[in-house]
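A short worksheet on the structure shown next.
In the numbering used here, the protein residues as written are 328 to 477.
Have a look at this one:
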């Protein structure tokens, strides 16, 4: 009887070790802070981060890497730099087939539950950057250097 208990305990210990190894490696893959190889991508829909420059009233308030997310049909783009969050929304095309883009942001207060409307924005390119601008509010956001974590 003693030998059977030892064998059972060995199998249980082996199962526990195997399960913990599998769980730790799965957790490491899902951990956003774990080491990953960043690759440059051209398509913003594939990117996890980008270089973001946010200018308000001709003053640069943000010039750093930020997290980005693009909805499947590019109807919404979220640019999250921690304190600053900007959302670019794409409305349905009008009868002239013109799409209106609207911008919202959190006014730099770090919250995402109360985004303020900036109004319509226009798009333009500045070098390799995709930019959004609303001259009435003196708002400009340029996003470039898209990177994906693999």
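No residue lacks a Cβ here, since even glycine has one placed at the ideal position from N, Cα and C.
(1) With burial defined as no fewer than 16 other Cβ atoms inside 10 Å of the residue's Cβ, what is the status of residue 377: buried or exposed?
(2) Would you mind sorting residue 404 into buried or exposed? The rule is 16 or more other CB atoms within 10 Å of its CB.
(3) Just how far apart, CA to CA, sit residue 444 and residue 460?
(4) Would you call residue 430 buried or exposed, if buried means 16 or more other Cβ atoms sit within 10 Å of its Cβ?
(5) Alpha carbon to alpha carbon, what distance is there between residue 450 and residue 421?
(6) Cα-Cα, which of 373, 467, 463, 441 is closest to residue 456?
Walking through what the data contain:
(1) buried
(2) buried
(3) 13 Å
(4) buried
(5) 17 Å
(6) 467
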